[in-house]
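All remarks here apply to the structure that follows.
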Amino acid sequence: MHKSRVLFRVSDVVNHPLRNYKRYPEVDRILNVPYGGGVPARRKMDLYFSSSAKGKGGYPVLFNVHGGGFVAGGKKYRSGIARYFASRGWFVVNIDYALAPAEVYPAALEDCMLALNEVNALADKYPLDLTKIVVTGDSAGGYYAAQLVAAIYDDGLRRSLGLTEYKGAKPRALLTFCAPFEPVKCCLLYTSPSPRDFQLI
1 MHKSRVLFRV
11 SDVVNHPLRN
21 YKRYPEVDRI
31 LNVPYGGGVP
41 ARRKMDLYFS
51 SSAKGKGGYP
61 VLFNVHGGGF
71 VAGGKKYRSG
81 IARYFASRGW
91 FVVNIDYALA
101 PAEVYPAALE
111 DCMLALNEVN
121 ALADKYPLDL
131 TKIVVTGDSA
141 GGYYAAQLVA
151 AIYDDGLRRS
161 LGLTEYKGAK
171 PRALLTFCAP
181 FEPVKCCLLY
191 TSPSPRDFQL
201 I
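FYI, the UniProt record's numbering numbers position 176 of the sequence shown as 176, with every residue one higher than the one before it.
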């Protein structure tokens, strides 16, 4: 097993009780909902929501892509953040996706696209406000979240990557944590002759 995979797996196992210890009794969860036809078997997502916290007009949607250095991780290791946001009125979708090296790029990105398409279908069953979709992710998940939103807004990029067409309401916001491109942005910002020469997007 590759060293990076061992490192990220150990990190998840050690940090799992710390990240996910808090329980929110008002939050309902539905685990392992298939997306993209459920084939291959990794295409599963967990849904978190609280009937008591729902606002008027339906739930805003938080679509979360877990981290793990592209080689490890899983949705169960991000259940704490899912429960937290669900307790505050969000409908949280927490997905699993293709991991390297067993699968190659852009398989994980295609999984993200299929899962987000599935969210739009969930509006037939749950009171979702699809005008308020936020895509988020940490570490490698932040990288995929950013690429997913870029591919949704830029059809040329989507087609060049060979991704499935996105058929729903476009995400309103993107929020990433510790994504691998963030140090690059900081270096460019601080090494640029003028901050105006480089724009953080």
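Backbone N, C-alpha and C define an ideal beta-carbon position, used for all residues, glycine too. Keep in mind that this is a model prediction, so the values were computed, not measured.
### Query
From E26 to R88, what does the alpha carbon distance come to, in whole angstroms?
Position 26 of the sequence shown, counted from the start, is the residue given in the question as residue 26. Position 88 of the sequence shown, counted from the start, is the residue given in the question as residue 88. Taking the straight line from one Cα to the other gives about 10 Å.
### Task
Within its chain, find whatever has a CB closer than 7 Å to the CB of L161; leave out the 5 residues flanking it on each side and keep chain order.
For the purposes of this step, residue 161 is taken as the residue at position 161 of the sequence shown. Counting only Cβ-Cβ distances below 7 Å, and skipping sequence neighbours, we find P106, L109, A151.
### Query
So which of D96, V135, W90, Y59 has the shortest CA-CA distance to Y77?
One-based indexing of the sequence shown puts residue 77 at position 77. When each option's Cα is compared against that of Y77, the closest is D96.
### Task
Tell me A173's beta-bridge partners as DSSP assigns them.
Locating residue 173 in the sequence shown gives position 173, where the first residue counts as 1. In DSSP, A173 forms a bridge with V134.
### Message
Check this for me: beta carbons of C178 and D138, under 7 Å apart or not?
### Response
In the sequence shown, counting from the first residue as 1, residue 178 sits at position 178. In the sequence shown, counting from the first residue as 1, residue 138 sits at position 138. Cβ atoms of C178 and D138: closer than 7 Å.
### Query
So what's V63 in DSSP terms, helix, strand or just coil?
Numbered from 1 along the sequence shown, position 63 holds the residue referred to as residue 63. Inspection of the sequence shows that residue 63 is occupied by Phe rather than by Val. F63 falls in the strand class under three-state DSSP.
### Query
Just how far apart, CA to CA, sit A145 and V65?
Translated into positions along the sequence shown, residue 145 becomes position 145. Translated into positions along the sequence shown, residue 65 becomes position 65. Using only the alpha carbons, I get a separation of about 7 Å.
### Task
Mind checking who M45 pairs with in its DSSP beta bridge?
If you number the sequence shown from 1, residue 45 lands on position 45. For M45, which the question treats as bridged, DSSP gives the partners V33, I95.
### Query
Can you tell me the Cα-Cα spacing of G68 and K56, whole angstroms?
Mapped onto the sequence shown, residue 68 falls at position 68. Mapped onto the sequence shown, residue 56 falls at position 56. Looking at the two C-alpha atoms, the distance is approximately 35 Å.
### Query
With a Cβ-Cβ cutoff of 7 Å, do G80 and N120 count as a contact?
In the sequence shown, residue 80 corresponds to position 80, counting from 1. In the sequence shown, residue 120 corresponds to position 120, counting from 1. In this structure, N120 does not lie closer than 7 Å to G80 by Cβ.
### Query
So, using beta-carbon positions, are A123 and L130 closer together than 7 Å?
Counting from one through the sequence shown, the residue named residue 123 turns up at place 123. Counting from one through the sequence shown, the residue named residue 130 turns up at place 130. Yes, they are a contact pair.
### Task
Output the boundary residues of the alpha helix (DSSP H) element that contains C112.
Indexing the sequence shown from 1 puts residue 112 at position 112. Note, C112: alpha helix (DSSP H), 107-122.
### Task
State the DSSP-derived secondary structure class of L128, mapped to helix, strand or coil.
As a working note, residue 128 is residue 128 in the sequence shown. In this structure, L128 counts as strand in the three-state DSSP scheme.
### Task
State the CB to CB distance for the pair D46 and A82, rounded to an integer number of angstroms; the pair is presumed to be in contact (CB under 8 Å).
On the sequence shown, position 46 is the one that residue 46 refers to. On the sequence shown, position 82 is the one that residue 82 refers to. Yes, D46 and A82 are in contact; Cβ-Cβ is about 7 Å, under 8 Å.
#### Entry: DSSP state of D28 mapped onto helix, strand, coil
Taking the sequence shown and counting its residues from 1, the one referred to as residue 28 is at position 28. Secondary structure at D28: strand, using DSSP grouped into helix, strand and coil.
#### Entry: G156 (DSSP reduced to helix, strand or coil)
Walking along the sequence shown from the start, residue 156 turns up at place 156. Looking at G156 - three-state DSSP - the assignment turns out to be helix.
### Task
With DSSP collapsed to three states, give me the class of F70.
Locating residue 70 in the sequence shown gives position 70, counting from the first residue. Correct three-state label for F70: coil.
### Query
Candidates K170, L114, V61, A140: which alpha carbon is nearest D154's?
Residue mapping note: residue 154 aligns to position 154 of the sequence shown, counting from 1. Of K170, L114, V61, A140, the residue nearest in Cα terms is K170.
#### Entry: Cα-Cα separation between I30 and F49, rounded to whole angstroms
Position 30 of the sequence shown, counted from the start, is the residue given in the question as residue 30. Position 49 of the sequence shown, counted from the start, is the residue given in the question as residue 49. Looking at the two C-alpha atoms, the distance is approximately 9 Å.
### Query
Going along the chain, which residues of its own chain have a beta-carbon closer than 6 Å to the beta-carbon of A86, five neighbours each way excluded?
Your numbering for residue 86 matches position 86 in the sequence shown. Contacts found: V27, Y48, F49, S50, V92.
### Query
Straight-line CA distance for A173 to V134?
Residue 173 sits at position 173 when you count from the first residue of the sequence shown. Residue 134 sits at position 134 when you count from the first residue of the sequence shown. It is roughly 5 Å from the alpha-carbon of A173 to the alpha-carbon of V134.
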